[in-house]
Amino acid sequence: MSPDAPKSTRLFFREAIARALAEAMHADPRVVILGQDVGPLGGAYREFAGLHATFGASRVRDMPVAENAMVGIGVGAAAAGLRPLVSITYMDFVMLALDPLVNYGAKLRYKTGGQLHAPVVVKATAGAKGQGVAHSQSLESWLVGVPGLTVVAPSNAADAYGLMGAALDHDGPVVYVDHKRLFPTAGDVPDAPVRVPIGRATVRRRGDNATIATHSYGCRIADAAADRLAAEGIRCEIVDLRTLAPLDVATVASSAARTGALVTLEEGQLPCGLGAELAYRVREEIGPIRVARIGAAPAPISGNRLLEAATLPSVEDVVVAVRRLLERPATNPRTR
Amino acid sequence: MSPDAPKSTRLFFREAIARALAEAMHADPRVVILGQDVGPLGGAYREFAGLHATFGASRVRDMPVAENAMVGIGVGAAAAGLRPLVSITYMDFVMLALDPLVNYGAKLRYKTGGQLHAPVVVKATAGAKGQGVAHSQSLESWLVGVPGLTVVAPSNAADAYGLMGAALDHDGPVVYVDHKRLFPTAGDVPDAPVRVPIGRATVRRRGDNATIATHSYGCRIADAAADRLAAEGIRCEIVDLRTLAPLDVATVASSAARTGALVTLEEGQLPCGLGAELAYRVREEIGPIRVARIGAAPAPISGNRLLEAATLPSVEDVVVAVRRLLERPATNPRTR
Amino acid sequence: MSRLALLRSMLAIRAFEDALAVHPECGFQLLSSGEEALAVGVCAALTSDDQLLSSGRSIGPALARGLDPGAVMAELLGRATGPCKGKGGRGHLAQPSAGFFGAHAVVGGNLSIAAGVALAMQVERRPGIVVCIFGDGACGAGALHETLNLAALWKLPLLFACDNNGWSISTPRARALAPRRLSDLATPFGIPAVTVDGMDVLAVRDATQRFAERARAGEGPAFLEGVTERFATHSTATRETRSADEMAAIRARCPIRRLAATLERDGELDAAGLARLERDAADAALRAVRFAEASPPADIAEIARDVA
Amino acid sequence: MSRLALLRSMLAIRAFEDALAVHPECGFQLLSSGEEALAVGVCAALTSDDQLLSSGRSIGPALARGLDPGAVMAELLGRATGPCKGKGGRGHLAQPSAGFFGAHAVVGGNLSIAAGVALAMQVERRPGIVVCIFGDGACGAGALHETLNLAALWKLPLLFACDNNGWSISTPRARALAPRRLSDLATPFGIPAVTVDGMDVLAVRDATQRFAERARAGEGPAFLEGVTERFATHSTATRETRSADEMAAIRARCPIRRLAATLERDGELDAAGLARLERDAADAALRAVRFAEASPPADIAEIARDVA
Ligand SMILES: Cc1ncc(C[n+]2csc(CCOP(=O)(O)OP(=O)(O)O)c2C)c(N)n1
Ligand SMILES: Cc1ncc(C[n+]2csc(CCOP(=O)(O)OP(=O)(O)O)c2C)c(N)n1
Ligand SMILES: [Mg+2]
Ligand SMILES: [Mg+2]
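Residue numbers (the working numbering), protein chains in the order written: chain A, 1 to 336; chain B, 1 to 336; chain C, 1 to 308; chain D, 1 to 308.
Next up, the structure:
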């Protein structure tokens, strides 16, 4: 590392979240945390470790199992001047809180003609890791069409830090989607209090044969697939979406225009998913292009290890999809 | 009408629903209705008129404002042997009931290895008609990706009848999406107890210049647009999706293959919407094709008459989209 | 607030709604007529530090809180001069700068929001308290339970004000709600609760005052149930399900006539005085209508503003 | 059910979980150890007409209800011979044919489902009743309120059985729930409610019996709170937040040792007899493990079966 390079520290994803929160709470007394087991336990994934000890029970509040009121209170407090983060341990249970989030929070600025707005961050953990049909869902695609909602989804420790800062700065409701399998991953996080800008995707890996557009844990799957494909001489470009609403279509489109092939990868269900949306928007930008989309098999995600693995998108799925896409001539009318 | 033609009776959409329910309740004592104001009032739109008088308070149950428990009880009763219909007056409030519907009902057959299943119909009214930001949403696209859920959406009285019968017959959870603006529309409904098969779209209007794929009230918008375009010599084919999950892609694709242009029309938001899904699936089937999608403007739907009208997709929007699409050469790489 | 001021406030609501109901652009509205005493009695105990939230039946609460009737009428009739620029309407009327944090048309949906506003006040040690007015219908919703529990645990400065008009659209309270008194719902949480005659504005005011003092002193939430009557149909678009006899009995409980009678008995008002107050209220309502009518409609460009 | 049978049932659960916890494929499980008396006492009052539902902490309830331990172990270890073919696992274990309608891992999520099952029985005039076992954690959820209200209104044959082990993961009940007794939550709805020592299997059984009789007679729902102790960490993947001292005090309340002591005092059991029962339980657990181990894993083709 050159002496002028920005300094950074290797942190676990979960530590990067805790650091962003600690800094925000030091800087702004309006930042409070509401969630189940966020207090002395420090969060189901230790992503709130140390905050209760530092900031006390008034600012780091353990809550009962009451997701509707948790988010309602967070949104209401935000509208009245605080900047709360509400932690929903499993994204599945965002369902219980969609009413305050979507029917109130997302519409507040609009319906009051700008008099009120709700700078609340709802942090929800998506992804499957052995916990069964009701603790494993990735529901991002439901949220990206809600006017007034911003949705971000970091894929690594640096973005976990930088997007959390940006989400807490944002003057409207943000859903911050993390992933069970990312918490124990480590990465270099800049020591400076940098933000990852909302609304901007980034190219994680350069390649000129195919573009893989994905987010969150999908970036790690894509990277493993790209490694395998590189051994065959296929160079994949990986675009990490980072923000899902608003989507940075331009970055995906310009990569896809260059590579001529687009594979989308998400852990959620495919129908009306992010892949469908990206394919539409990219084709709208650059015209016909070969596209394949990858997501979960159309089934609930069992906690059974074998069934879960068979349901989730895999490295192999990506490898096969890229290979098949490239076997097709670019002008082939069948873009399956 | 030839003497052999099936007999039919002109009914309002709301009457067609009531007739289907009455017949099902006569035929099967397990059919019960749960909902707010479904009893003596006969439903917010009179779609349950007469049922309480005929079948009594034990089978037509007025419920408190408790959408979560309403659907939970409906799903639980279905799993235990009844065949309930649960009425959610505004689709917006399906949000409050997604947990029992999606986390339990939709997954029940799977998670129990086939031991249990939940033949429940959740009837929800979508669409905007002057009632404001939290009573106007069309959220179909959230549901179509949920494994285990069937979603139907009639556009006219005959289908309101035929799809209700099919939904009540179905051995799993069905969301039956109707629309505020359809209840007072009238149509011929066959006197015979016919079913509209789940999973099959239908061509409502023949044309060979462009395909409009839509559902529910969108069919009426599309028809008005097709009338206007016909005056200009543009003949539109209208595909009424009728079932949204599973989608009948084949019918849309074969129409679009013939016309060479596809316009999708939905009242919900565009991102990760039905239009994106249809565009993806149709292109997957038939290769590059000109597509335009139409939906609500990206804003909450105000109860204000003027703002509501400006937010909802209009006849004019469809006319313009079809015209623009046809101005483009079929091979133009920009398929916007 | 003097008893005469309470009467004026109730008359203002009644006259405002009478004018609105006959207006050609009235559209879909939920009227508060009959239930004025609940809103007026509650607001009489509030200061400018406080915030009020309501259900979609918001006209009474908004006017009782002191919002400008012209601006409210403009909002209801979709004019750009409404506090929400005509975008919110009845169901989402709001003017937080005037202490009315707002209506929310989701039944029970404003309860946890109100608790959030109260939490913000508590955390920032601001002087205000929060009142949430909700209907009996909201008492079936789980949101009430979740919010009562958290308000009690955290001793939030929050008053739950249940406007129990006995109906959720066409469903009588007894067919929707098992508790004998709705205020009993607060008891398990250790929240002080009382049921008063919601047609008696003085009883409502006094009960609110007591609870407000506790809340201001940091002693936490309270639950006030006022038993009221809805004079109109559920909404201007809903058919009436109650019989003419029932309606006559209901209208006989008029909270305005009741307070006026008390004041007449006590010699503070006579028939002429009442007529004058009624005329004043009608004039004010007319001015509100005129203001709204003279205002431009909501700007269509607003659909692209204040979205995110 | 005799007291000896109750003891055997509790021993079976304990031994089963001891065997599971040390199994290399144990994975993510929520154990019932310490809370056996609640499940066993409740199930002692049930007949084959009845249905039991539970939270995700389902092993105690499922075994107490009489499910075959081998099949349960197979389900927990992901084998095709589990009643759900290995697709449900702990959080969604079910065998309705054996009177166990099933576990549901959403906290509070099984309450309204249970009410639906009870409604089906009521509408079809079937003889059974329904019991839903849920944790103290579920008492913060609005689903409880909504379900209590409807169960009371409709007089559903439904018993709410709250297994109050004092914790929701790391959060002590007092920091999450305001009510003094959780059974108080039923009172506003007119639902009879009682709090018993959930470590006393006889007290649980007797209370359940009384409530079950009422429900069978068509007199409607009831609420039973049993105060219990969780011996293990929240899940096999969660870290312990309680001190060693606390844990020692908790383990001293063992419901099994308590009943055994009573039986010894009454001369119905001696140390040798208890040792024999323990050995029997351990053997049965071992057989369950063997059965599961000998069973094929869930069939991957199952991901395409029973979806819709
Ligand atoms: C969650 C939800 N469900 C249903 C509705 C439809 N709805 C509008 S007003 C109303 C009745 C509410 O009754 P209550 O709370 O007593 O208020 P009131 O109308 O009597 O003032 C209902 C069911 C809604 N707005 N919100
Ligand atoms: C709706 C919901 N929110 C959060 C969770 C995560 N969760 C799983 S178990 C649990 C604790 C529940 O406590 P309790 O109901 O007392 O049951 P116990 O674990 O003590 O048996 C939580 C919060 C969940 N499963 N469901
Ligand atoms: Mg009411
Ligand atoms: Mg517990």
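Yeah, the Cβ is synthetic: ideal placement off N, Cα and C, and Gly gets one too.
The structure displayed is predicted, hence computed values, not measured ones.
- Taking a C-beta distance under 8 angstroms as the contact criterion, A/V32 and A/R61 qualify as a contact pair.
- Non-local C-beta neighbours of D/R8 in its own chain, meaning closer than 8 angstroms and more than five positions away in sequence, comprise L277, D280, A281, ordered along the chain.
- DSSP, reduced to helix, strand and coil, places D/N164 within a strand of the structure shown.
- No Cβ of chain C is located within less than 8 angstroms of the beta carbon of B/T185.
- A direct Cα-Cα distance of roughly 52 angstroms separates A/C236 from C/L93.
- Distance from the CA atom of A/C272 to the CA atom of B/A292, rounded to whole angstroms, is 16 angstroms.
- As far as DSSP is concerned, B/Y104 takes part in no beta bridge.
- Look at B/N156: its beta carbon is at least 7 angstroms from all of the heavy atoms in ligand 3.
- Taking C-beta atoms as the reference points, B/T185 and B/A157 count as a pair closer than 8 angstroms.
- In the DSSP assignment, C/L52 falls within the unbroken beta strand (DSSP E) covering 51–54.
- Taking 8 angstroms as the upper bound for CB-CB distance, D/S54 and D/N110 are in contact here, some 7 angstroms apart.
- If you compare the alpha carbons of A/G165, A/A256, A/R204 with that of A/V194, the shortest gap goes to A/G165.
- With 16 or more other Cβ atoms inside 10 Å of its own Cβ, D/I13 counts as buried.
- Our two residues, D/L148 and D/C139, have alpha carbons roughly 11 angstroms apart in a direct line.
- Taking the CA atoms as reference points, B/T311 sits about 56 angstroms from D/A217.
- Around the CB of C/I300, fewer than 16 other CB atoms lie within 10 Å, so the residue is classed as exposed.
- Under the 10 Å beta carbon count, D/T171 is surrounded by 16 or more other beta carbons and is classified as buried.
- At least one CB atom of chain B sits nearer than 8 angstroms to the CB of A/E277.
- For ligand 2, no non-hydrogen atom lies closer than 7 angstroms to the CB of B/W142.
- Taking a contact to require three or more Cβ pairs closer than 8 angstroms, the segment 114–122 of chain C and the segment 71–83 of chain C do not qualify as touching.
- Not a single CB atom of chain B sits nearer than 8 angstroms to the CB of A/P193.
- A straight-line Cα-Cα distance of about 12 angstroms links C/E293 and C/G82.
- Sequence-distant Cβ neighbours of C/C84 in its own chain, meaning closer than 7 angstroms and more than five residues away, are E75, H92, L93, A94.
- For the segment 73–103 of chain D, the residues whose beta carbon sits under 8 angstroms from a beta carbon of chain B are, in order, G82, P83, C84, K85, G86, K87, G88, H92, A94, Q95, P96, S97, F101, G102.
- When CB distances to chain A are screened at a threshold of 7 angstroms, the residues of the segment 290–302 of chain D falling below it are P297, A298, I300, E302, in chain order.
- Of all alpha-carbon atoms in A/V196, A/P329, A/L143, the one lying nearest the alpha-carbon of A/V122 is that of A/L143.
- Within its own chain, the residues whose Cβ lies closer than 6 angstroms to the Cβ of B/G130, once the five positions on either side in sequence are excluded, are G303, listed in chain order.
- Close CB contacts of B/A222 within its chain, under the 7 angstroms cut and outside five residues either way in sequence, are with I212, T214, I238, L265, V318 (chain order).
- DSSP, read as helix, strand or coil, puts C/P61 in helix.
- Each of D/G135, D/D136, D/G137, D/N165, D/W167, D/S168 has a C-beta closer than 6 angstroms to some heavy atom of ligand 4; these make up the full list, in chain order.
- Nearest in C-alpha terms to A/E23, of all of A/T54, A/N209, A/S136, A/E267, is A/T54.
- Around B/K107, the same chain offers G148 as residues with beta carbons nearer than 7 angstroms, after the five sequence neighbours per side are excluded.
- If you ignore the 5 residues before and after B/S87, its C-beta comes within less than 6 angstroms of the C-beta of G35, V38, K123, all in its own chain and listed in chain order.
- Comparing C-alpha distances from D/D306 to each of B/Y280, B/D171, B/I294 shows the shortest one belongs to B/D171.
- Where D/E225 is concerned, the enclosing beta strand (DSSP E) starts and stops at 222–227.
- Note that the C-beta distance between C/Q51 and C/G99 is below 8 angstroms.
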